[in-house]
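Offset between the sequence shown (1-based) and my numbering: plus 658. The beta carbon of each residue, even a glycine, is placed where N, CA and C say it ideally should be. Following: one structure in structure tokens, then a few remarks.
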Amino acid sequence: MRLFKHYSPGMIAKHISRLFKGRIYIYGIGKFEFDNGKLILPEKAEAKHFQTVKEINQEIMKMRQLEAA
Numbered sequence: 659m660r661l662f663k664h665y666s667p668g669m670i671a672k673h674i675s676r677l678f679k680g681r682i683y684i685y686g687i688g689k690f691e692f693d694n695g696k697l698i699l700p701e702k703a704e705a706k707h708f709q710t711v712k713e714i715n716q717e718i719m720k721m722r723q724l725e726a727a
């Protein structure tokens, strides 16, 4: 499990892209799991979780598009 003390979507997306499957904890937001290179919503998700997952998965998609180009 990787602990992120600051919410930085780009850095978190890079970590998820490299490892592909695992768990992370973002201080002030909560814990998440990721699989297949995408962040997954926690079971008891709140509005902040939805926003976080959306932002990080968008960053992952941007990174993949840049790699493919």
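With distances taken from CA atoms, which of the options is nearest residue i?
| i | options | result |
| --- | --- | --- |
| LYS679 | PHE692, PRO667, HIS673 and GLY688 | PHE692 |
| MET719 | LEU697, ILE684 and TYR665 | LEU697 |
| LEU724 | GLU701, THR710, LEU661 and SER675 | SER675 |
| GLU704 | GLY695, LYS689 and GLN716 | LYS689 |
| MET659 | ILE684, MET669 and SER666 | ILE684 |
Taking 8 angstroms as the cut-off, decide whether the C-beta atoms of residue i and residue j are in contact.
| i | j | result |
| --- | --- | --- |
| HIS673 | ILE682 | yes |
List the residues that DSSP assigns as beta-bridge partners of residue i.
| i | result |
| --- | --- |
| LYS663 | In DSSP, LYS663 forms no bridge with anything. |
| LYS702 | Bridge partners of LYS702: none, in fact. |
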